[in-house]
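Q: For reference, the structure I am asking about is given below.
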Amino acid sequence: MLTKRIIACLDMDGGRVVKGVRFKNLRDAGAPAECAAAHARSGADEIVLLDITATSGNRRTLLDAVRGTARSLFVPFTVGGGIRVLEDAAAVFDAGADKIAINSAAVRDPALIGRIAGRFGSQAVVVAIDAKKVGGSFEVFVAGGSEPTGRDAIQWAQEAAACGAGEILLTSMDRDGTKSGFDCQMVRAVAEAVSIPVIASGGAGSARDFIEVFRDGCADAALAASIFHFGIENIVELKRELHDAEIAVRWPC
Amino acid sequence: MIAIVDYGAGNLNSVKKAFDYLDVEVVVSDRPEAVAAADKIVLPGVGHFSSLQALNRTGLCEALLRSASAGKPFLGICLGMQWLFEGSDECIEIAGAGIFPGKCRQFPTSVKSPHVGWNSLVIQEGSRLLRGIAQDSFVYYSHSFHAPVVVETTAASEYGLLFAGAVERGNIFGVQFHPEKSGDVGLAMLKNFCEV
């Protein structure tokens, strides 16, 4: 049986994994390679490494981190942050990523999705969408959530899928960093509108939140960053609880 | 020496990296001579069945078939496994190697496609590639078309229907999932392949 995936996200700044709330009060959480390996050992089904500063100046730092992390990581490994053109993606794949995540660049130039998918396959292209409830619908924001686009998240997810995206990583800006649970309503609306897998993100705080987003939100996978650092929530324990709630997970792993 | 065949179908780094980790010598090549010179062959590949066209164009196809029929251990991964069958509905103009019977087809409409994620294996006894792998072990899949369950199927997974996760006949092995992305379970299979 196909299982629901638990994805650990590592936010990276200057070559170190950091954790804060809404990119503020950043605390050092270790080196990417060690963090990734530790998460994989404790049962993470995938690892996402996100370069949260992502300036062209620290591109070398990112590629070094990807190379070091990928060397001994044998679960799917996604890298995002600052990928603007096909060449950026190619460099990240060359360093050892299995998938890349693109956000603002895809909104600006949807054809970028097809260009990367054409060369590396759709399975390697994750389109990340940051969205927020505005009135009765969900609006897409870019540039780290600072710029509204006026676009509807459901329509954009459908367009991204049609362009060749392999998965959608959907982050609720309303819930991000709050630990108050995923936005199941938004996740479900997008998951029912596209045939590609939808990864829910933003708001994970407890095992109950994961159970809800898989049951009510119809998510194919769920991602969390903060709760998996500093031992706040252990993935082994989380999976045990999901298993007990009869959610199919890779367990034991 | 293991040759990993590069025919332009996606990123081969992950496969190479897994063999590097196992401390096995590999060469990634698009040349038929490299295939002919290798002791074992790995045919990876992701994406559309039509990308297998490159095998016919470059002379790789003949080199692969010759090596496989000479008894060299051969492992097809994902699209590389699908190539071992007769063909695929994804691209009916291109023939597969026909080493295993049947064609690759789409999943039923009752499930989402592509099939992405960790799924469990129902394993048949006696497989050399899956030696020591526990029943119901999880492996990572990412594909839209699936190969049928045939006599040579050594492991199957369920997704809307039962499909071939792994096939094996003599020196020829195929896996639909990605052993290089399936944690310790996948690495153990690749190690088995190295020791065949």
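Taken in sequence, the protein lines are chains A and B.
When you read off a place in the first sequence, starting at 1, and then add 490, the result is the number in the numbering used here.
Residue 59 in the numbering used here sits at position 70 of the second sequence; the count goes up by one each step and never skips.
Ideal Cβ positions, reconstructed from N, Cα and C, are used throughout, including at glycine.
Considering only the alpha carbon of each residue, which of G572/A, I603/A, A607/A, L732/A lies closest to T543/A?
A: G572/A
Q: Check P21/B in the structure and name its three-state DSSP category.
A: helix
Q: My output table needs one value for N724/A: the three-state DSSP class, helix, strand or coil.
A: coil
Q: Tell me, please, which residues DSSP counts as bridged to I592/A.
A: V617/A
Q: Listed from N- to C-terminal order along the chain, which residues in the segment 720 to 739 of chain A have their beta-carbon within a distance smaller than 7 Å of any beta-carbon of chain B?
A: none
Q: Can you check whether the C-beta of F127/B is within less than 8 Å of a C-beta belonging to chain A?
A: yes
Q: If you measure from the beta carbon of P97/B to each beta carbon in chain A, is any gap under 8 Å?
A: It does not; no Cβ of chain A falls within 8 Å.
Q: From F718/A to I686/A, what does the alpha carbon distance come to, in whole angstroms?
A: 26 Å
Q: Is N0/B helix, strand or coil when you go by DSSP?
A: coil
Q: When you compare only the Cα positions, how much space is there between S146/B and F127/B?
A: 10 Å
Q: I'd like the ranges of any alpha helix (DSSP H) spanning at least 4 consecutive residues and lying wholly in the segment 682 to 714 of chain A.
A: If we require 4 residues or more, the alpha helix (DSSP H) runs fully inside the segment 682 to 714 of chain A come out as 697 to 705.
Q: Indicate whether at least one CB of chain A lies closer than 8 Å to the CB of E184/B.
A: Not closer than 8 Å to any Cβ of chain A, the Cβ of E184/B fails to qualify, so no.
Q: Can you list the residues of chain A that A7/B reaches, using a CB-CB cut of under 8 Å?
A: F564
Q: Less than 8 Å between the C-beta atoms of G209/B and F182/B, yes or no?
A: Since the displayed chain B opens at -10 and closes at 185, residue 209/B lies outside it and no answer follows.
Q: Please report whether the beta-carbon of T493/A lies at a distance below 8 Å from any beta-carbon of chain B.
A: At least one chain B Cβ lies under 8 Å of T493/A.
Q: What does a CB cutoff of less than 6 Å around E702/A pick up in its chain, not counting 5 residues either side in sequence?
A: C674
Q: In chain B, which residues lie less than 8 Å from A614/A when you measure between Cβ atoms?
A: Simply G(-1), N0, V35.
Q: For I686/A and chain B, any beta-carbon pair shorter than 8 Å?
A: yes
Q: Give the interface partners of G604/A over in chain B, defined as CB-CB distance under 9 Å, in chain order.
A: Within 9 Å Cβ-Cβ: nothing; G604/A doesn't reach chain B, min ~13 Å.
Q: What is the C-beta distance between I606/A and L660/A, in whole angstroms, given that I count them as a contact (C-beta under 8 Å)?
A: Contact between I606/A and L660/A fails: their C-beta atoms lie close to 19 Å from each other, not under 8 Å.
Q: Would F564/A pass as a contact of K29/B if the rule is Cβ separation under 8 Å?
A: no
Q: Determine which residues share a DSSP beta bridge with M491/A and list them.
A: Note: M491/A sits in no beta bridge, so no partner.
Q: Who are the near neighbours of C525/A in its chain, counting only those whose CB is closer than 6 Å to its CB and skipping five residues on each side?
A: Taken in chain order, the residues that qualify are L500, V507.
Q: Please classify E577/A as buried or exposed, where buried requires at least 16 other C-beta atoms within 10 Å of its C-beta.
A: exposed
Q: Can you list the alpha helix (DSSP H) stretches of 4 or more residues lying completely in the segment 625 to 651 of chain A, in chain order?
A: none
Q: So E114/B is in the alpha helix (DSSP H); what residue range does that whole segment cover?
A: From DSSP, E114/B is part of no alpha helix (DSSP H); its letter is neither H nor E.
Q: Can you check which of these residues, F166/B, V156/B, L176/B, D9/B, is closest to G91/B by C-alpha distance?
A: V156/B
Q: Mind listing which residues of the segment 132 to 165 of chain B have their C-beta closer than 7 Å to chain A's C-betas, in chain order?
A: E147, Y148
Q: Going by beta-carbon coordinates alone, are Q113/B and A153/B separated by less than 8 Å?
A: no
Q: At the 8 Å Cβ level, is G611/A part of the contact set with chain B, yes or no?
A: yes
Q: So who's on the other strand from N45/B, going by DSSP bridges?
A: BP columns for N45/B are empty, so no partner.
Q: Return helix, strand or coil for H167/B, following the three-state DSSP convention.
A: coil
Q: Taking 8 Å as the CB-CB limit, is K101/B close to chain A?
A: yes
Q: When burial is assigned at 16 or more other CB atoms within 10 Å of the CB, is V575/A buried or exposed?
A: exposed
Q: Return the chain-ordered list of same chain residues with a C-beta closer than 6 Å to the C-beta of A697/A, the five sequence neighbours on each side being excluded.
A: L728, E731
Q: In terms of DSSP beta bridges, what is I537/A paired with?
A: A498/A, F567/A
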